[in-house]
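K.L.:
Count along the sequence shown from 1, add 4, and you get the number used in this note's numbering. Supplied in structure tokens, the structure appears directly below.
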Amino acid sequence: MASPHTGYPNQQTELLRVETNLFNLYIQGKPFHPTVETLQLHRQTGEEWTVAHFQATSLGPSVTIESISIFSPERRELMPWTVDSPAQPIFYETQSYELVIEKKQEMQLIFHHDNMHIRNAIKPLGKMILSGIVNFQNEVGHTELELRYNGEAAFRLQLEIFPSKMDYKRDYQMILNDVNEQIYNLSFDFMRKTYHLTGLKDTQHQSLTEFFTILQHVFNQLVQAVERIRQSPHSKLQVGNRIVEAAKVRKAGKENLTFLAKRPHLLVEDSKNGLIPRGGQRYTPSHVLETKRHVDYDTAENRFIRWVLLRIQQKLKDLKFRLAQKGRQQDPQLERKMNLMQTHLQRLLKYDFLAVGEIRQMSITLVLQMAVGYREVYRYYLMLMKGLSIQSDLFRLSMKDLALLYEYWCFLKIHHLLSKNYELLKQDIIRVNRNGLFVTLDRTQKAKMVYRNPRNGEIFTLYYNSLPQGDKTPTLPQKPDNVLTLKKNNTSVEYKYIFDAKYRLNPAYEGTPYHRDYKMPGPEEDDINTMHRYRDAIVYLDDKEKELERSMFGAYVLFPYHDEERFQEHRFYRSIEQINVGAFPFLPNSTSLMEKFLDEIILDSPEKAYERSTRPRGTKEYYKNKLSGKNVLIGALSQKEQLAAALEHKFYHTPLKNITDHKVLTEIEYVALYQSIQLFGRDDAGIRVYGKVANWKVVQRKEITEIPSGLGASDELYVVFTVEEWEKRARPILPGGTGVQRVMYAAKYVFDRAGEVGELRFGGG
5 MASPHTGYPN QQTELLRVET NLFNLYIQGK PFHPTVETLQ LHRQTGEEWT VAHFQATSLG
65 PSVTIESISI FSPERRELMP WTVDSPAQPI FYETQSYELV IEKKQEMQLI FHHDNMHIRN
125 AIKPLGKMIL SGIVNFQNEV GHTELELRYN GEAAFRLQLE IFPSKMDYKR DYQMILNDVN
185 EQIYNLSFDF MRKTYHLTGL KDTQHQSLTE FFTILQHVFN QLVQAVERIR QSPHSKLQVG
245 NRIVEAAKVR KAGKENLTFL AKRPHLLVED SKNGLIPRGG QRYTPSHVLE TKRHVDYDTA
305 ENRFIRWVLL RIQQKLKDLK FRLAQKGRQQ DPQLERKMNL MQTHLQRLLK YDFLAVGEIR
365 QMSITLVLQM AVGYREVYRY YLMLMKGLSI QSDLFRLSMK DLALLYEYWC FLKIHHLLSK
425 NYELLKQDII RVNRNGLFVT LDRTQKAKMV YRNPRNGEIF TLYYNSLPQG DKTPTLPQKP
485 DNVLTLKKNN TSVEYKYIFD AKYRLNPAYE GTPYHRDYKM PGPEEDDINT MHRYRDAIVY
545 LDDKEKELER SMFGAYVLFP YHDEERFQEH RFYRSIEQIN VGAFPFLPNS TSLMEKFLDE
605 IILDSPEKAY ERSTRPRGTK EYYKNKLSGK NVLIGALSQK EQLAAALEHK FYHTPLKNIT
665 DHKVLTEIEY VALYQSIQLF GRDDAGIRVY GKVANWKVVQ RKEITEIPSG LGASDELYVV
725 FTVEEWEKRA RPILPGGTGV QRVMYAAKYV FDRAGEVGEL RFGGG
């Protein structure tokens, strides 16, 4: 891996010089980004740089460009630039650049940029200089710097800002495509399930601007879909009959029998070659029906394709008319784009399979939903005509906060990985209101996706920007990006895992503490500390136990790094297995570790899921004591009448000899009654009532007067437990092949969860 450039090229350098008749424009800054150099980003093959977009344009006759020079990273000097010269990456996110505009004469020259912070950074310095420090923060992609002379746009500079933590072509462009593709898929799936068209009607609220914004992103795919249909268009076989001379017909079918029976005048007497006998004479037909079959493309589906293309064509015409009507200055590039679209539409409409009639009414057929080409056109129709308005401007991502985009992508990519193997039951990213369809994916919004595992029916939920219901933070608010909640069968516990997107990467420069400790790039230490905080600060209130419990079983950083194989040696990856806190490299071509881990935790048994979590020191000793304690006494009833007396008088008695270890008496907190099958029958057998012990005492049998003794007055010692109140179990503990002969003991923790008597023996009875 190459080390960062040092010396002159990485100091403040003149990166761009534009000389015109009215002004000179200069941009100075560092031509290299150390992280980009460390990770060797934005290379095509080997050391060859990728091509960067650059354009300087005069927008009016007042400005004449005399010369342009741009820094070459390969030659490390300012080089003359022409339209045919390729530019290379020299502008990066989060780096600062000094912009200086030197006027050649006193005039009104104003700097403009769509970003208010960049626009306000460039200020007059005297009468002849405009100057300031520009930092594009995390916004990458194309950006435009504009100079306005006497209020009119006179000069435009187009630059391409490159990311510093991921490769532009390999990662950033794929992230853009992934985000749009997932939004398309979710939107299509939502609308396919929601809309059942019996008649075609456009939304009345969709703007032409919104329509064109969407159209730009789907137009090429739409054209390709129609081209695929052309290769194998849907058709129907039409059968046609016509009357022709018998001598000219090639093949006559059985339908001629009925035809000639109704038209005897077409029969000519022919005793020699006549085929049809009638009244002792033979006849031959002079004319017969000839049946011809031909392929007909005039189907409801092809009419629909034509209708969609015509509607798009008309909307483009309306948009051009509106722009001209309002007297807006026409962008030549926009006009060319619209003209090119119209040319493509005219070409498509001339295809033979689209020479069909007008559409009147239709229903959604299997051909539109499933046939290659047709399903894509139908999908884009729903987006265009039903009004897909994307909140957070997801469709205009040419200049975007990359940290926010990475956060969106992480959520959508996790969804994509899950949806490959598990059934999506419900989502609220795509919603519909009176204005059409809209996307709620936004930092100010909450979203969740609900899935089902087809193998076992388990339900799990992916939350974005919110905590599951019941989770809270008693101290300070915590808001992780993504939380995956798993509900396992045969347990009431929900297993929750945090996946937090962090567009941060420590490149581990040589000589830094991070390189000394970890030897390779990885997530920032602060982000790992945040995962510890999330896991410990977010708790769940158990309404039944009235106790706060830690609800997050694991917390992980998702960060932009591509070398998954190398990162498996990083301490923050190995820590996942040790303490369930760590990090996963997560980029479009680096998702295998994350995908593998998701499958593991989803397929885990409840016991395995619990064992993944880190428990406080002393947990083993605590549960050993908790599970092995003998604080519940389960006593058998010697006769059926004993149950009624015990319930009425709130007590239970048993011979002292049944309790071999008298120390146990000091530990008994609860008493439960066992009803045997012999006395109560199978339907009423088991442990059904229990109560908290108020006190206990040892007395002679003759002193227990609530139940008369059948043996007369006895001096045998008995233990009598007085119960505060008998409680009925919601679910009885059944005998299950075993029972209670005299008394047995169990831990209250086990007693509350047991379903059969045999399970109580694991609690120390």
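By construction, the Cβ of each residue, glycine as well, lies at the ideal position given by its N, Cα and C atoms.
In whole angstroms, what separates the C-alpha of E259 from that of L241?
P.N.:
For this step, residue 259 is matched to residue 255 along the sequence shown. For this step, residue 241 is matched to residue 237 along the sequence shown. Rounded to whole angstroms, E259 to L241 spans 18 Å at the Cα level.
K.L.:
Tell me where the beta strand (DSSP E) around W413 begins and ends.
P.N.:
Taking the first residue of the sequence shown as 1, we reach residue 413 at position 409. No beta strand (DSSP E) contains W413, which is instead part of the alpha helix (DSSP H) from 406–423.
K.L.:
So what does K430 bridge to, in DSSP terms?
P.N.:
Against the sequence shown, residue 430 aligns to sequence position 426. Per DSSP, V454.
K.L.:
Please identify the residue among L180, N139, E156 whose C-alpha is closest to the C-alpha of I165.
P.N.:
Translated into positions along the sequence shown, residue 165 becomes position 161. Shortest Cα-Cα distance from I165 to any of L180, N139, E156 involves N139.
K.L.:
Rounded to whole angstroms, what is the Cα-Cα separation between I463 and Y522?
P.N.:
Your numbering for residue 463 matches position 459 in the sequence shown. Your numbering for residue 522 matches position 518 in the sequence shown. Roughly 38 Å separates the two Cα atoms.
K.L.:
Between the Cα of G361 and those of W311, N343, L406, Q318, spot the shortest distance and give me the residue it belongs to.
P.N.:
By 1-based counting over the sequence shown, the position of residue 361 is 357. When each option's Cα is compared against that of G361, the closest is W311.
K.L.:
Within the continuous beta strand (DSSP E) that includes G155, where are the two ends?
P.N.:
The count along the sequence shown starts at 1 and reaches residue 155 at position 151. That residue, G155, is in no beta strand (DSSP E); it is neither H nor E in DSSP.
K.L.:
Identify the continuous beta strand (DSSP E) that holds A640 and give its terminal residues.
P.N.:
For the purposes of this step, residue 640 is taken as residue 636 along the sequence shown, with counting starting at 1. Here the beta strand (DSSP E) through A640 covers 636–640.
K.L.:
How should I133 be labelled, buried or exposed, when 16 other C-beta atoms within 10 angstroms of its C-beta is the threshold for buried?
P.N.:
Residue mapping note: residue 133 aligns to position 129 of the sequence shown, counting from 1. The residue in question, I133, is exposed, as its Cβ has fewer than 16 Cβ neighbours within 10 Å.
K.L.:
With respect to the beta strand (DSSP E) encompassing N486, which residues constitute its N-terminal and C-terminal limits?
P.N.:
Taking the first residue of the sequence shown as 1, we reach residue 486 at position 482. N486 -> beta strand (DSSP E) spans 486–491.
K.L.:
So what's S718 in DSSP terms, helix, strand or just coil?
P.N.:
Translated into the one-based positions of the sequence shown, residue 718 becomes position 714. S718: coil per DSSP, three-state reduction.
K.L.:
Which whole-angstrom value is the C-beta distance of E728 and A698, which I expect to be below 8 Å?
P.N.:
For this step, residue 728 is matched to residue 724 along the sequence shown. For this step, residue 698 is matched to residue 694 along the sequence shown. Between A698 and E728 the Cβ distance is about 5 Å, and since that is below 8 Å, they are a contact.
K.L.:
Indicate whether at least one CB of chain D lies closer than 7 Å to the CB of W85.
P.N.:
You won't find chain D in this structure, because it holds only one protein chain.
K.L.:
Let me know the secondary structure DSSP gives D531 once reduced to three states.
P.N.:
Against the sequence shown, residue 531 aligns to sequence position 527. The answer is helix: DSSP assigns D531 an H, G or I state.
K.L.:
Identify every residue that forms a DSSP beta bridge with L103.
P.N.:
Counting from one through the sequence shown, the residue named residue 103 turns up at place 99. BP columns for L103 point to I31, G136.
K.L.:
Check the C-beta distance from Y513 over to T42 and give it rounded, since I have them as a contact under 8 Å.
P.N.:
Here residue 513 corresponds to residue number 509 of the sequence shown, with the count starting at 1. Here residue 42 corresponds to residue number 38 of the sequence shown, with the count starting at 1. Going by Cβ atoms, the distance from Y513 to T42 rounds to 7 Å, so yes, they are a contact pair.
K.L.:
In the DSSP assignment, what are the bridge partners of G526?
P.N.:
Walking along the sequence shown from the start, residue 526 turns up at place 522. Note: G526 sits in a beta bridge opposite N510.
K.L.:
May I ask you to list the residues that DSSP assigns as paired with W53?
P.N.:
Residue mapping note: residue 53 aligns to position 49 of the sequence shown, counting from 1. The partner list for W53 (beta bridge, DSSP) reads R47.
K.L.:
Just list the residues that DSSP pairs A676 with in beta bridges.
P.N.:
Within the sequence shown, the letter at position 672 stands for residue 676. Its beta-bridge partners are I638, Y694.
K.L.:
Output the distance between the C-alpha atoms of R520 and D567, rounded to the nearest integer angstrom.
P.N.:
Looking up residue 520 in the sequence shown gives position 516. Looking up residue 567 in the sequence shown gives position 563. Between R520 and D567, the C-alpha separation is close to 19 Å.
K.L.:
If you follow the alpha helix (DSSP H) that S579 is in, where does it begin and where does it stop?
P.N.:
Working through the sequence shown from its first residue, we reach residue 579 at position 575. 575–583 is the extent of the alpha helix (DSSP H) around S579.
K.L.:
Return the chain-ordered list of same chain residues with a C-beta closer than 6 Å to the C-beta of F684, the five sequence neighbours on each side being excluded.
P.N.:
Numbered from its first residue, the sequence shown carries residue 684 at position 680. None.
K.L.:
Let's test the definition: count the other Cβ atoms within 10 Å of the Cβ of H419 and tell me whether it reaches 16, buried, or not, exposed.
P.N.:
Position 415 of the sequence shown, counting from 1, holds the residue named residue 419. So H419 counts as buried.
K.L.:
For D457, collect the residues of the same chain with a Cβ closer than 6 Å to its Cβ; drop the 5 residues on either side in sequence, then sort them by chain order.
P.N.:
For the purposes of this step, residue 457 is taken as the residue at position 453 of the sequence shown. According to the sequence shown, residue 457 is Asn rather than Asp. Counting only Cβ-Cβ distances below 6 Å, and skipping sequence neighbours, we find Y426.
K.L.:
Put L398 into one of helix, strand or coil per three-state DSSP.
P.N.:
Residue mapping note: residue 398 aligns to position 394 of the sequence shown, counting from 1. Note that L398 scores a pLDDT of 39, beneath 50, so its modelled location is shaky and nothing firm can be said.
K.L.:
Alpha carbon to alpha carbon, how far is A587 from I580? Give it in angstroms, no decimals.
P.N.:
By 1-based counting over the sequence shown, the position of residue 580 is 576. By 1-based counting over the sequence shown, the position of residue 587 is 583. Computed Cα separation, rounded: 8 Å.
K.L.:
If contacts are defined as beta-carbon pairs under 8 Å, then P35 and L45 qualify, I think. What distance do you get, rounded to the angstrom?
P.N.:
Position 31 of the sequence shown, counted from the start, is the residue given in the question as residue 35. Position 41 of the sequence shown, counted from the start, is the residue given in the question as residue 45. About 14 Å; that fails the 8 Å criterion.
K.L.:
Taking all protein chains shown into account, do 16 or more other C-beta atoms lie within 10 angstroms of the C-beta of F95, making it buried, or fewer, making it exposed?
P.N.:
Indexing the sequence shown from 1 puts residue 95 at position 91. Buried: at least 16 other Cβ atoms inside 10 Å.
K.L.:
By DSSP, does M170 sit in helix, in strand, or in coil?
P.N.:
Reading the sequence shown from its first residue, position 166 is the one you call residue 170. The DSSP-derived three-state label of M170 is coil.
K.L.:
On the CB-based measure, 16 or more other CB atoms within 10 Å of its CB, does T664 come out buried or exposed?
P.N.:
Position 660 of the sequence shown, counted from the start, is the residue given in the question as residue 664. Per the 10 Å Cβ criterion, exposed.
K.L.:
What residue range is occupied by the uninterrupted alpha helix (DSSP H) comprising M598?
P.N.:
On the sequence shown, residue 598 is found 594 positions in, with the first residue counted as 1. Residues 596–607.
K.L.:
Have a look at W700, P659, W730, E710 and flag the residue whose alpha-carbon is nearest the alpha-carbon of I691.
P.N.:
On the sequence shown, position 687 is the one that residue 691 refers to. Measuring from the Cα of I691, the nearest candidate turns out to be W730.
K.L.:
Nearest-angstrom Cα distance between S100 and H117?
P.N.:
Looking up residue 100 in the sequence shown gives position 96. Looking up residue 117 in the sequence shown gives position 113. Using only the alpha carbons, I get a separation of about 16 Å.
K.L.:
State whether the segment 340–357 contacts the segment 406–425, with contact taken as three or more CB pairs (one from each stretch) at a distance under 8 Å.
P.N.:
As far as the Cβ criterion goes, the segment 340–357 does not touch the segment 406–425, which means the pair count is below three.
K.L.:
Mapping the DSSP letters down to three states, classify H37 as helix, strand or coil.
P.N.:
Counting from one through the sequence shown, the residue named residue 37 turns up at place 33. If DSSP states are grouped into helix, strand and coil, H37 belongs with coil.
K.L.:
What is the residue span of the beta strand (DSSP E) that Y467 lies within?
P.N.:
Walking along the sequence shown from the start, residue 467 turns up at place 463. Note, Y467: beta strand (DSSP E), 463–468.
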